[in-house]
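See below for the structure under consideration.
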Amino acid sequence: MSTSMRVMELVRFGDADTAFAARDLPKPTPGPGQVLVRVEATSVNPLDLQTRRGDYRDQVALPAVIGNDVSGVVVETGPGADDFQSGDEVWYLAPAFAGPGAYAEFHVVDQALVARKPARLSHVEAAGLGVVGVTAWEALVERAAVRAGERVLVHGGAGGVGSAAIQVAGALGVEVVTTARSKDHEFVTGLGADHAIDFSTGDYVPQVRALGGVDVVLDTVGGDTLTRSPEVLTDRGRVVSIVDIPEPQNLLAAWGVNATYHFLFASPGRAKFEALGRLVDQGKLRPVIGAVLPLADVAQAHTLLEAGSVGEGRRRPRGKIAIAVQSLDEPPHRTTSSS
Ligand SMILES: NC(=O)c1ccc[n+]([C@@H]2O[C@H](COP(=O)([O-])OP(=O)(O)OC[C@H]3O[C@@H](n4cnc5c(N)ncnc54)[C@H](OP(=O)(O)O)[C@@H]3O)[C@@H](O)[C@H]2O)c1
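Under the working numbering, the first residue of the sequence shown carries the number 342, and numbering increases by one thereafter.
This is the structure in structure tokens:
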């Protein structure tokens with residue numbers, strides 16, 4: 342058995358085409374309570390782009406293996422890691438900025454972060470649902486504590502987090518309002534959104550107010566979109582932003598509303614994956630995969646994620662851009678939805 346593994350290492354901050362290099366590194370060994378996972382698939386997220394550009398250079402020492410979404414197979418267990426055995430199919434988040442990530446053939450992780458992959462998802466599909474699903478779950482369930490019958494505004498409904506959040510919100514029995522370009526309205530209503538508002542042609546605020554406001558705002562955009570939240574909130578509303586850095590006291594004082602504000606940086610954890618897995622099993626949550634590329638083409642995957650969804654030139658496909666690491670268990674460059 343080989344003692345090395347192929348990785349696509351981040352060797353330089355900056356443009357995608359010069360940032361990564363294929364390297365062979367020693368295959369890691371699981372320590373106490375850890376499992377060694379053969380990574381079957383991962384996916385690219387905006388955090389990967391930000392890390393590659395150098396936004397987190399104080400937390401990432403080069404060369405580094407980045408990437409957070411993992412779907413794979415347990416191939417070895419460390420001492421005391423009794424929750425899993427070789428052959429188990431698993432999915433999880435590799436913790437951000439805490440050791441090697443997922444752009445690799447193998448990955449070592451604490452078993453406490455790992456859950457069994459839902460059987461109805463391929464590895465590529467599972468890898469496209471981790472970061473976005475966990476973020477949506479943490480925002481709506483753990484922070485906003487949404488209750489059935491409430492109305493929730495999900496910004497960026499056609500994006501990765503937004504499309505997961507629409508589905509999670511729907512499963513929780515809430516009315517979902519979302520912002521998306523009109524070309525994406527059929528897509529977001531297909532995911533379960535009750536109302537779609539085109540953010541690119543008008544002001545979302547009066548349109549949400551005309552619906553009677555919302556109990557919860559999930560902000561995936563930041564800036565003005567976030568700071569105008571009080572204009573659409575009902576009394577005792579909750580705002581969760583996954584984009585803007587929090588200064589909750591200042592923000593709430595400025596808003597002068599009876600509301601709570603949360604900033605969220607999604608974190609790994611088995612329970613969240615198990616909760617998402619139950620929704621998948623119930624047919625209430627499905628991944629949206631826009632393209633699948635091999636690990637060697639990770640730079641191309643970054644370029645694709647960076648491309649706009651409208652305008653001239655190359656367009657980004659709607660849905661997650663997944664990376665098939667071991668085997669192409671889906672055809673490469675597959676586009677499952679048009680934009
Ligand atoms: N804190 C955390 O834990 C966490 C976790 C995941 C993601 N994030 C962050 O959250 C953001 C979204 O992530 P993602 O993976 O969902 O990204 P994404 O797939 O790029 O989705 C962003 C969506 O927002 C839409 N959008 C752009 N401008 C908008 C506006 N003014 N109003 C409403 N929607 C707008 C985009 O539409 P077009 O493509 O048509 O322009 C796109 O559909 C990123 O900044 C990411 O870094 C944070």
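The C-beta atom is built at its ideal place from N, Cα and C for all residues, glycine as well.
Would you kindly report the start and end of the unbroken alpha helix (DSSP H) that includes residue i?
i, result
"PRO387", "387-394"
"GLY631", "Note, GLY631: premise wrong, no alpha helix (DSSP H); beta strand (DSSP E) at 630-635."
"TYR545", "545-551"
"GLU516", "Looking at the DSSP string, GLU516 is not in any alpha helix (DSSP H); the run it does join, the beta strand (DSSP E), is 516-520."
"GLY531", "526-532"
"THR575", "From DSSP, THR575 is part of no alpha helix (DSSP H) but of the beta strand (DSSP E) over 574-582."
"LEU646", "639-647"
"SER504", "501-512"
Report the CB separation of residue i from residue j in whole angstroms; it is logged as a contact under 8 angstroms.
i, j, result
"ALA480", "LEU605", "6 angstroms"
"ARG659", "GLY649", "Not a contact, Cβ separation roughly 12 angstroms."
"ALA640", "ILE662", "At roughly 12 angstroms, the Cβ-Cβ gap does not stay under 8 angstroms, so ALA640 and ILE662 are not in contact."
"PRO404", "VAL352", "5 angstroms"
"VAL401", "ALA485", "So it is not a contact: roughly 30 angstroms between Cβ atoms."
"VAL529", "THR519", "5 angstroms"
"GLY372", "GLY440", "In fact, because the Cβ distance is near 11 angstroms, the residues do not count as touching under 8 angstroms."
"VAL455", "ARG611", "6 angstroms"
"ALA357", "HIS603", "Not confirmed; about 32 angstroms, so no contact."
"TRP478", "LEU617", "6 angstroms"
"VAL598", "LEU636", "Not quite, the Cβ-Cβ distance comes to about 47 angstroms (not below 8 angstroms), so this is no contact."
"PHE425", "TYR397", "No, PHE425 and TYR397 are not in contact; Cβ-Cβ is about 30 angstroms, not under 8 angstroms."
"VAL406", "VAL348", "5 angstroms"
"GLY395", "ALA443", "Actually they are not in contact, since the Cβ atoms of GLY395 and ALA443 sit about 20 angstroms apart, beyond 8 angstroms."
"THR383", "ILE664", "5 angstroms"
Which residue from the options puts its Cα closest to that of residue i?
i, options, result
"LYS613", "ASP560, TRP432, VAL562, PHE438", "TRP432"
"ARG461", "GLY419, ARG627, ALA648, LEU634", "ARG627"
"GLY498", "HIS536, ILE664, SER412", "HIS536"
"ALA445", "PHE438, ARG522, GLU381", "GLU381"
"ASP539", "SER523, THR344, GLY531", "SER523"
"ARG457", "PRO387, GLN667, GLY428", "GLY428"
"SER504", "ASP560, GLU483, ALA453", "ASP560"
"ALA422", "VAL406, GLY395, ASP451, GLU430", "ASP451"
"GLY501", "GLU615, LEU567, VAL385, GLY374", "VAL385"
"VAL573", "GLU417, LEU513, GLY531, ASP544", "ASP544"
"ARG488", "GLY511, ALA607, VAL472", "GLY511"
"THR370", "LEU567, SER582, THR344", "THR344"
"PRO459", "ASP399, LYS625, VAL651", "LYS625"
Any idea which residues DSSP pairs residue i with across the strands?
i, result
"ARG457", "VAL431"
"LEU626", "Paired residue(s): none; LEU626 is not in a bridge."
"HIS496", "Paired residue(s): none; HIS496 is not in a bridge."
"ASP556", "Paired residue(s): none; ASP556 is not in a bridge."
"GLN375", "ASP451"
"ILE728", "There is no way to answer for residue 728, as the model of the chain reaches only from 342 to 680."
"GLU350", "ALA362"
"VAL380", "GLY413"
"ALA405", "LEU351"
"SER345", "PRO367"
I'd like to know whether the C-beta of residue i is nearer than 8 angstroms to at least one C-beta of chain D.
i, result
"THR542", "Of the chains in the structure shown, none is chain D; there is only one protein chain."
From what residue to what residue does the beta strand (DSSP E) around residue i run?
i, result
"ASP451", "447-451"
"HIS603", "600-604"
"ALA486", "Segment: none, ALA486 is in no beta strand (DSSP E) and carries neither H nor E."
"ALA663", "661-665"
"THR418", "410-418"
"ASP365", "361-367"
Exercise. Take every Cβ of the region 543-553, pair it with every Cβ of the region 461-480, and state whether three or more of those distances are shorter than 8 angstroms.
Key: no
Quiz prompt | Given 8 angstroms, three or more beta-carbon pairs between the region 482-492 and the region 551-564 | solution = yes
Quiz item: Any contact of the region 364-378 with the region 407-416, i.e. 3+ C-beta pairs under 8 angstroms?
Solution: yes
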